[in-house]
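The sequence shown begins at 1 in the UniProt record's numbering and counts up one residue at a time.
Just so it is clear, CB atoms sit at the ideal spot from N, CA and C, and this is done for glycine as well.
Only a predicted model underlies this, so the values are computations on that prediction, with no experimental measurement involved.
Report on the following structure.
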Amino acid sequence: MQLGTGASVVRGARSATQLARSRPPTCAQCLRTASVRARIPQSRVFFHSGRPNPSAWAAAVSVAGNIVSNAVTRATKGDLPTIDPLRIVAKEMKFLTGNIRKLLGSGHPSLDRAAKYYTQAEGKHVRPLIVLLMSRATSLCPKAPQRQQATAQVSAAIDTSISPPSILSDFNPSAGTESEPVLADAGILPSQRRLAEITELIHTASLLHDDVIDHSVSRRGSPSANLEFGNKMAVLAGDFLLGRASVALARLRHAEVIELLATVIANLVEGEFMQLKNTARDETNPQWSEDALTYYLQKTYLKTASLISKSCRAAALLGGADAQTVDAAYSYGRNLGLAFQLVDDLLDYTRSEKELGKPAGADLELGLATAPLLFAWKTMPELGALVGRKFANDGDVARARDLVMQSDGIQQTRTLAEDYAEKAIASLSLFPDSEAKDGLVEMAVKTLQRKK
Ligand code: FPP
Ligand code: MG
């Protein structure tokens, strides 16, 4: 797995931040980026040490440069206004839900309804938004000559079937899949727009399955699909989404992108399987060790960061970007994805059901030991037995929650999320300045600021 061990992920995050503080500035670009970066809360509590890897070092040097640049900018021009990432790709985002619904048409009315159910309530559409911003930001980066011709061919054919249409229609005359025409845009290709839709399809499929596994009763402020249609239909609807996502993916006619997104689907299942246990060995009375955090971070990569990182990489590939840009896009997505899930896990402790639009405090109820608890456990050995029995005894959930709230687990989780967000921003250092790049930076800031 590209992530390496969870411990190395933790080390990388810490090293980047520390280096960012200690190294002299060598880069004067990205002033706007630096200005936004300065809004990330600074609250460092480090818990682990290790040597930086070269890419983390390079990234950190760039962040260091930005910090100083930021001071200069603020001194001379004052703070720049906050950017709205949605506005930058508003034209493409406007058609997202409509296009997804077209991809999901089925001749069977019940399946049609169940498959489109989670497209009714306005989701956050974080993944497509990131893909579109990445597509536009990388359009200004250097190209790999061998990828350019393929790029043009792919974008012309995303609605054209590869097999004869009569074979594909068979006995299931589903709705057409042609997407809304979007005005020609130099920054974002039709294939990248389709990729954004595919990421939302895969994500939504995983939510349909996840809500069955978690016995959820609500999602996006409405009854969950499993409650509305029952478990069987919810699972089948998720499978249908994956089928349609696979067709759309094949029509991108880009083997590397297909490989990446198919791997994401496998990763999501691997992550969910890892989550069925709290620790690698699944002991009844585990003692705290760094392995628990390693296991959690690997699970978090697979469950959340894989989709974001691999779709960012795929966006850069579809745009014909060179190898360095493709790697940077992946690194941004991986770090942002890890930050995103860490914040999700801490909000589960700190926000109410009303604020989240889904049940709060659900993780402990589901037996899950996430980052806030893992950090608390280090200084509160009593938590080991509770982790081992997945908080199943009467009073376990309340006791675990109390201990976490007495500890600095929430703060340490936030600190780690900040480190990953900073690394995500540092990954963009080689991109030319643009609104889309600013939007990606702002996404990292918003990830830390979000309340639900
Ligand atoms: C939400 O987690 C769930 C995921 C991010 C991934 C779930 C993956 C699967 C169920 C594997 C099957 C995958 C596919 C593609 C069919 P959460 O429960 O922490 O978040 P929540 O509070 O929003 O439910
Ligand atoms: Mg869930």
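Does the Cβ of S224 lie closer than 7 Å to at least one heavy atom of the ligand MG?
As a first step, residue 224 must be located in the sequence shown, where it is residue number 224. Every heavy atom of the ligand MG is 7 Å or more from the Cβ of S224, so no.
Distance check for L86 and K124, CA to CA, integer angstroms please.
Looking up residue 124 in the sequence shown gives position 124. Looking up residue 86 in the sequence shown gives position 86. Between K124 and L86, the C-alpha separation is close to 10 Å.
In whole angstroms, give me the CA-to-CA distance for T138 and G333.
The residue labelled residue 138 in the question sits at position 138 within the sequence shown. The residue labelled residue 333 in the question sits at position 333 within the sequence shown. When rounded, the distance between both Cα atoms is 13 Å.
Would you grab the beta carbon distance between V326 and L317 for me? Rounded to a whole angstrom, and I think it's under 8 Å.
Walking along the sequence shown from the start, residue 326 turns up at place 326. Walking along the sequence shown from the start, residue 317 turns up at place 317. That pair is a contact at about 6 Å.
Taking Cβ positions, are L346 and V397 nearer each other than 8 Å?
Sequence index remark: in the sequence shown, residue 346 carries index 346 (1-based). Sequence index remark: in the sequence shown, residue 397 carries index 397 (1-based). The answer is no: Cβ separation not under 8 Å.
Can you tell which of A305, A245, Q298 and E283 has the C-alpha that lies nearest to the C-alpha of R194?
By 1-based counting over the sequence shown, the position of residue 194 is 194. Cα-wise, what sits closest to R194 is A245.
Supposed contact pair L207 and Y118 - C-beta distance, whole angstroms, cut 8 Å
Within the sequence shown, residue 118 is the residue found at index 118, counting from 1. Within the sequence shown, residue 207 is the residue found at index 207, counting from 1. That pair is a contact at about 6 Å.
Cβ neighbours of residue 453 in the same chain (closer than 7 Å, five flanking residues each side left out):
Past the edges of the chain, shown from 1 to 452, lies residue 453, and the structure says nothing about it.
So does the segment 126-141 actually touch the segment 430-437, counting three or more Cβ pairs closer than 8 Å?
In short, these stretches touch, since the Cβ pair count reaches three.
Here's the rule: buried if 16 or more other CB atoms are within 10 angstroms of the residue's CB, otherwise exposed. What is T294?
Within the sequence shown, numbered from 1, the residue matching residue 294 stands at position 294. With 16 or more other Cβ atoms within 10 Å, it is buried.
A321 in three-state terms, based on DSSP
Counting from 1 along the sequence shown, the entry for residue 321 is found at position 321. A321: strand per DSSP, three-state reduction.
What residues in its chain sit with their C-beta under 6 Å from that of Q192, if we drop five residues either side in the sequence?
Your numbering for residue 192 matches position 192 in the sequence shown. S135, A315 and L318, listed in sequence order.
Between the Cα of V387 and those of A362, Q287 and A444, spot the shortest distance and give me the residue it belongs to.
Working through the sequence shown from its first residue, we reach residue 387 at position 387. Nearest option by C-alpha distance: Q287.
Between which residues of its own chain and A385 is the CB-CB distance below 7 Å, once the five residues before and five after are set aside?
The count along the sequence shown starts at 1 and reaches residue 385 at position 385. Here the set comprises N285.
Find the nearest neighbour of D159 within the set T199, T300 and L249, judged by alpha-carbon distance.
On the sequence shown, residue 159 is found 159 positions in, with the first residue counted as 1. Minimum Cα distance to D159 is reached at L249.
Residues in the same chain with beta-carbon distance under 6 Å from K378, minus the five sequence neighbours each way, listed in chain order, please.
Here residue 378 corresponds to residue number 378 of the sequence shown, with the count starting at 1. Apart from the 5 residues on each side of it in sequence, K378 sits with its Cβ closer than 6 Å to the Cβ of W288 in its chain, given in chain order.
From T370, L307 and R401, pick the residue whose C-alpha is nearest to that of A196; which is it?
Taking the first residue of the sequence shown as position 1, residue 196 is located at position 196. Selected option, being the one with the closest Cα: L307.
Per the DSSP calculation, S218 is bridged to which residue(s)?
One-based indexing of the sequence shown puts residue 218 at position 218. In the DSSP output, where bridge partners are listed per residue, S218 has P223.
Check whether A144 and D322 have beta carbons under 8 Å apart:
Numbered from its first residue, the sequence shown carries residue 144 at position 144. Numbered from its first residue, the sequence shown carries residue 322 at position 322. Cβ distance < 8 Å, so A144 and D322 count as in contact.
Can you have a look at H108 and say buried or exposed, based on whether 16 or more other CB atoms are within 10 angstroms of its CB?
Reading the sequence shown from its first residue, position 108 is the one you call residue 108. Exposed is the call here.
Whole angstroms are fine: how far does the CA of S163 sit from the CA of E355?
Looking up residue 355 in the sequence shown gives position 355. Looking up residue 163 in the sequence shown gives position 163. In a straight line, the C-alpha of E355 is about 47 Å away from that of S163.
Locate the alpha helix (DSSP H) running through G439, then write down its first and last residues.
Within the sequence shown, the letter at position 439 stands for residue 439. Per DSSP, G439 belongs to the alpha helix (DSSP H) from E435 to Q449.
Is DSSP giving K232 helix, strand or coil here?
As a first step, residue 232 must be located in the sequence shown, where it is residue number 232. Three-state result, K232: helix.
Just tell me which of A225, S106 and L129 has its CA closest to the CA of Q120.
For the purposes of this step, residue 120 is identified with residue 120 of the sequence shown, where counting begins at 1. Among A225, S106 and L129, the Cα nearest to that of Q120 belongs to A225.
Can you name the start and end residues of the alpha helix (DSSP H) that D211 belongs to?
Counted from its first residue, the sequence shown places residue 211 at position 211. Its alpha helix (DSSP H) spans residues P190 to I213.
Just list the residues that DSSP pairs K143 with in beta bridges.
As a first step, residue 143 is located in the sequence shown; it is residue number 143 there, counting from the start. Note: K143 sits in a beta bridge opposite A321.
T204 to E228, Cα distance in whole Å?
The sequence position of residue 204 within the sequence shown is 204, counting from 1. The sequence position of residue 228 within the sequence shown is 228, counting from 1. So the alpha carbons of these two residues sit roughly 16 Å apart.
A234: buried (16+ other C-beta within 10 angstroms of its C-beta) or exposed?
Locating residue 234 in the sequence shown gives position 234, counting from the first residue. Buried is the call here.
Quick check: the segment 272-280 against the segment 236-244, are at least 3 beta-carbon pairs closer than 8 Å?
no
Neighbourhood of V257 by C-beta, 8 Å cutoff - its chain only, sequence neighbours within 5 removed:
Working through the sequence shown from its first residue, we reach residue 257 at position 257. L195, L249, A314, L317 and L318, listed in sequence order.
Expected contact under 8 Å - CB spacing of V404 and L373 to nearest Å
Translated into the one-based positions of the sequence shown, residue 404 becomes position 404. Translated into the one-based positions of the sequence shown, residue 373 becomes position 373. Right, their Cβ atoms sit about 5 Å apart.
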